[in-house]
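To keep things clear, I will list the structure first and then write my remarks on it.
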Amino acid sequence: MKSKWFSSRAFLLHFVLLIWLAICASAAWWQVGRAIQGNTLSFMYSIEWPVFGVLGVLGWYAMLNMEKVTEHEQRERRAYEEKMRAEARERRTEQNEDPTLAAYNDHLAELAGRPKRKLWGH
Numbered sequence: 002m003k004s005k006w007f008s009s010r011a012f013l014l015h016f017v018l019l020i021w022l023a024i025c026a027s028a029a030w031w032q033v034g035r036a037i038q039g040n041t042l043s044f045m046y047s048i049e050w051p052v053f054g055v056l057g058v059l060g061w062y063a064m065l066n067m068e069k070v071t072e073h074e075q076r077e078r079r080a081y082e083e084k085m086r087a088e089a090r091e092r093r094t095e096q097n098e099d100p101t102l103a104a105y106n107d108h109l110a111e112l113a114g115r116p117k118r119k120l121w122g123h
């Protein structure tokens with residue numbers, strides 16, 4: 002099993018973080034130089050760029066520590082959802098629910114049961 006720190010995705014994140022920190026550090030240094038030359042607005046920017054760097058580190062850490070759902074957890078979730086659907090069907094038959102409403106509720110349950118897709122990271 003690959004470590005979260007040494008996977009190909011992690012190396013890409015490490016590389017992007019290093020580039021981001023280099024950009025933020027150079028922009029902060031540039032703004033400090035402008036501030037020393039008399040541009041008072043650059044004092045604000047010289048503080049802002051290190052903050053952007055810290056936000057980049059926080060984003061990097063969050064993306065490295067995103068939890069992946071295991072197959073066992075997926076099976077447990079599907080079993081629980083199927084159990085809940087069966088109980089809902091039982092209650093509807095006992096209460097003589099309107100067929101149109103029952104079909105709509107079944108459709109909503111089916112939509113809720115679909116796995117959520119990640120758009121990146123696989």
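FYI, the numbering for the sequence shown is 2 to 123, going by this note's numbering.
Idealized CB from N, CA, C, for every residue including glycine.
Grab the span of the alpha helix (DSSP H) containing S47 for me, first residue to last. Counted from its first residue, the sequence shown places residue 47 at position 46. Looking at the DSSP string, the run of the alpha helix (DSSP H) that includes S47 is L42 to L65.
Length of the line joining the Cα atoms of I48 and L59 = Here residue 48 corresponds to residue number 47 of the sequence shown, with the count starting at 1. Here residue 59 corresponds to residue number 58 of the sequence shown, with the count starting at 1. Distance between the alpha carbons of I48 and L59: 17 Å.
First and last residue of the uninterrupted alpha helix (DSSP H) at W30: Taking the first residue of the sequence shown as 1, we reach residue 30 at position 29. Residues S9 to I37.
Member of A11, R86 and N106 whose CA lies at the smallest distance from the CA of Y62: For the purposes of this step, residue 62 is taken as residue 61 along the sequence shown, with counting starting at 1. Of the candidates A11, R86 and N106, the one whose C-alpha sits nearest the C-alpha of Y62 is A11.
Enclosing alpha helix (DSSP H) for P116 [first to last residue]: Your numbering for residue 116 matches position 115 in the sequence shown. It is not in any alpha helix (DSSP H) - P116 carries neither H nor E in the DSSP assignment.
Alpha carbon to alpha carbon, how far is V52 from Q75? Give it in angstroms, no decimals. The residue you call residue 75 lines up with position 74 of the sequence shown. The residue you call residue 52 lines up with position 51 of the sequence shown. The alpha-carbon atoms of Q75 and V52 are separated by roughly 38 Å.
Could you tell me the distance, in whole angstroms, from the CA atom of I37 to the CA atom of F44?
Along the sequence shown, one-based indexing puts residue 37 at 36. Along the sequence shown, one-based indexing puts residue 44 at 43. Their Cα atoms are separated by approximately 8 Å.
**Report entry** Simplified DSSP assignment, three categories, for K5
**Finding:** What you label residue 5 is simply residue 4 of the sequence shown in a count that begins at 1. Coil.
Consult DSSP for N97 and reduce its assignment to one of helix, strand or coil.
Locating residue 97 in the sequence shown gives position 96, counting from the first residue. Reduced to three states, the DSSP call for N97 is coil.
Does the separation of the CB atoms of L18 and G57 fall below 9 Å? Position 17 of the sequence shown holds residue 18. Position 56 of the sequence shown holds residue 57. Closer than 9 Å, so yes.
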